[in-house]
Amino acid sequence: MQVEMPVGMDFDAFSEVPNYSVHYQYSQGNILHEVRETTLRELFGKYGDLLWMNGSHKYNVTNFIGELHDLLDIPGFSTFSDEMLDQLIGKLRKRGNSNATINRKMAALSKLLRKAFKMGDVYSLPEFKRQKEKAGRIRFLDREEEDLLFSEIRAHSELYYRFCLFLVDTGARLSEGLNLRWGDMHKDRVTFWVTKSGRSRSVPLTQRAAAAIAASDRRHAGPFAEIDQQRFRIAWHVAKDAVGFADDKDVVPHVLRHTCASRLVQGGIDIRRVQMWLGHQTLTMTMRYAHLASHDLDMCIPVLERAAS
């Protein structure tokens, strides 16, 4: 179609022409199609169930993606730029998020966007860079603290007490223990199939962990399947307050996993084996406990003593 312009009038003055930005992307099967505007909420609705299994981790991811959606100046996009990513990180910092918290939120965002890019829902991806994290204090229970806390929990519920014994001796996450099924046990070991990393792992059982399982009611799907997570957490905090840990924010159920890891390292187990026991995807996560292996440094003292004399 031809458009005639009045004599003496340039093109810009003749008409306002809207700017269009149309992107195309190859989806699976090498089919070229137009990338339409989408949002983080829409992408999570499409792929959330595929990327994350139901549980506490998915619950956290749901909140992360919802928060990031709300923080975007313009929720709709067809390409997610580095500038958009930088703005999100800046806003999270203003909210007081630590680098560790930002990294967890960015990991969820990266996983979602990579799936969307693969499926042809977004045109391009930003460059994700991990924020430098400070080494935080790791809280774990000594035997006296364990006895004190577990005794109070036992007074509330024998089942909760046995569950705590199992968690501290296996290093299992709360959700891993709750999702354990009778078929996941073979002789003196258990296999955790539903894990945060998505990778299964098997660990042997201590005598008291095996006894904690054996005392459970087999009419339920698993040894601890009858436990409601929220009720357990409430009972934990009641017991914690009763024994004088009310002001210690690190004494949460996850402290039992830290306690297991700390005891393995302090007992001389090498970091690689501890990594396998805990099911960490990277050795970096396990290295948080490396400082506890201070007994390895004892051999340095005689050398220094000889040099000094």
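Under full-length UniProt numbering, think of the first position of the sequence shown as 1, with each following residue one higher. Note that CB positions come from ideal geometry on N, CA and C, so glycine has one too. Since this is a predicted model, take the numbers as computed values, not measurements.
Assuming threonine 195 contacts arginine 201 under a Cβ cut-off of 8 Å, what Cβ separation, rounded to an integer in Å, is found between them? Indeed, because the Cβ distance is near 7 Å, the residues count as touching under 8 Å.
So what's threonine 62 in DSSP terms, helix, strand or just coil? Correct three-state label for threonine 62: helix.
Rounded to whole angstroms, what's the CA-CA distance from residue 313 to threonine 206? Just pull it up for me. Absent from the structure is residue 313, since the part of the chain shown begins at 1 and ends at 309.
Alpha carbon to alpha carbon, how far is alanine 239 from arginine 139? In this structure, the straight-line span from the alpha carbon of alanine 239 to that of arginine 139 is close to 17 Å.
Please go through the same chain and pick out, in chain order, the residues whose beta-carbon is closer than 6 Å to the beta-carbon of alanine 76, but skip the five residues on each side of it. The residue asked about is misnamed: residue 76 is glycine in this sequence, not alanine. Around glycine 76, the same chain offers Glu37, Thr39 as residues with beta carbons nearer than 6 Å, after the five sequence neighbours per side are excluded.
Looking at the secondary structure, which residues open and close the beta strand (DSSP E) in which phenylalanine 192 lies? That run of the beta strand (DSSP E) goes 189 to 192.
Taking the straight line between their C-alpha atoms, what separation do you get for glycine 45 and glutamate 152? When rounded, the distance between both Cα atoms is 43 Å.
Does the beta-carbon of serine 262 have 16 or more other beta-carbons within 10 angstroms, so that it is buried, or is it exposed? Around the beta carbon of serine 262, a 10 Å sphere encloses 16 or more other beta carbons of the protein chains shown; the residue is thus reported as buried.
Other residues of its chain near alanine 242: CB distance less than 8 Å, five sequence neighbours each side excluded: Cβ neighbours of alanine 242 beyond the five flanking positions: Glu152.
Would you kindly check if the distance between the Cβ of alanine 108 and the Cβ of glutamate 133 is under 7 Å? Against a cut-off of 7 Å, the Cβ pair of alanine 108 and glutamate 133 comes out as no contact.
Beta-carbon proximity check, leucine 88 vs leucine 71, cutoff 7 Å: Cβ atoms of leucine 88 and leucine 71: closer than 7 Å.
Where serine 21 falls: helix, strand or coil (DSSP): Because serine 21 sits at a pLDDT of 48, beneath the cut-off of 50, its placement in the model cannot be relied upon, and the following sentence gives the value as read from the coordinates. Three-state DSSP puts serine 21 in coil, outside helix and strand.
Might you give, ordered along the chain, the residues of its own chain that have their beta carbon closer than 6 Å to the beta carbon of glycine 55, omitting 5 neighbours on each side? Listed in chain order, the non-local C-beta contacts of glycine 55 below 6 Å within the same chain comprise Ser175, local neighbours out to five positions each way being set aside.
Hey, how far is the Cα of arginine 181 from the Cα of lysine 94? Cα-Cα distance, rounded: 44 Å.
Chain-order list of residues whose beta-carbon lies under 7 Å from that of glutamine 275 (same chain, five-residue window excluded): Within the same chain, glutamine 275 has close Cβ partners Leu283, Thr286.
Rounded Cβ spacing between valine 265 and alanine 290 (contact assumed at less than 8 Å): Contact holds; Cβ gap of about 7 Å.
Contacts around leucine 165, its chain only, beta-carbon distance under 6 Å, and the 5 residues preceding and following it disregarded: Arg208, Ala212, listed in sequence order.
Who are the Cβ neighbours of cysteine 260 in its own chain at under 6 Å, not counting the five residues just before and after it? For cysteine 260, the CB contacts under 6 Å within the same chain, skipping 5 residues up- and downstream, are Val168, Gly171 in chain order.
Which class does phenylalanine 232 belong to by DSSP, given the choice of helix, strand or coil? DSSP places phenylalanine 232 in helix when its eight states are reduced to three.
Just how far apart, CA to CA, sit leucine 92 and glutamate 42? The alpha-carbon of leucine 92 is positioned some 21 Å away from that of glutamate 42.
Give every residue of the same chain whose Cβ lies closer than 8 Å to the Cβ of phenylalanine 163, excluding the five residues on either side of it in the sequence, and list them in chain order. Excluding sequence neighbours, phenylalanine 163 sits near Gly177, Ala212, Phe224, Ile227, Phe232.
Out of curiosity, what's the CA-to-CA distance linking glutamine 229 and alanine 210? Cα to Cα, glutamine 229 sits roughly 21 Å from alanine 210.
Looking only at C-alpha atoms, which of Lys105, Phe80, Leu141, Glu146 sits nearest to glycine 120? It is Phe80 whose Cα lies nearest to the Cα of glycine 120.
Just reading off the alpha helix (DSSP H) that valine 243 is part of, what are its end residues? No alpha helix (DSSP H) contains valine 243, which DSSP labels as neither H nor E.
State the DSSP-derived secondary structure class of threonine 39, mapped to helix, strand or coil. In the structure shown, threonine 39 falls within a coil segment according to DSSP collapsed to helix, strand and coil.
Using 10 angstroms around the beta-carbon of glycine 96, count the other beta-carbons present and answer buried if the total reaches 16, otherwise exposed. It is exposed - the Cβ of glycine 96 has fewer than 16 other Cβ atoms within 10 Å.
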